[in-house]
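Per the working numbering, residue 2 is the first one in the sequence shown, and the count goes up by one each step.
All C-beta atoms in this analysis are idealised placements derived from N, C-alpha and C, irrespective of residue type, glycine included.
Data block below; observations after.
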Amino acid sequence: MLAARPAGSGHEAMSAIDQLTGVAINAAQLETAIHVLAALPHDRRDVPAVQALALRAYACEAGIDDEIGSAALHARVTALAASM
Numbered sequence: 002m003l004a005a006r007p008a009g010s011g012h013e014a015m016s017a018i019d020q021l022t023g024v025a026i027n028a029a030q031l032e033t034a035i036h037v038l039a040a041l042p043h044d045r046r047d048v049p050a051v052q053a054l055a056l057r058a059y060a061c062e063a064g065i066d067d068e069i070g071s072a073a074l075h076a077r078v079t080a081l082a083a084s085m
């Protein structure tokens, strides 16, 4: 679940979809995120909560410092994986 933003942050009028699609994530970050998930133990790789924790840690390292950014990264990696 996404954390509430404080009033006046500019996000209160944006839908969740708008917030997620508004995050800039480049190809190198997506590629690294895929490798992060591939490195998870096989029996845990398909557990969304485990994916979220791993990608949150990577997002912080990559300078994607908020929960919206982490959720956007997770959503995009999941969409890419589903299209393969």
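Asked: Pairwise C-alpha distance: Ala14 and Arg46; Found: 35 Å
Asked: Check whether Ala55 and Leu74 have beta carbons under 8 Å apart; Found: no
Asked: Secondary structure of Val51, DSSP reduced to three states; Found: helix
Asked: DSSP state of Leu81 mapped onto helix, strand, coil; Found: helix
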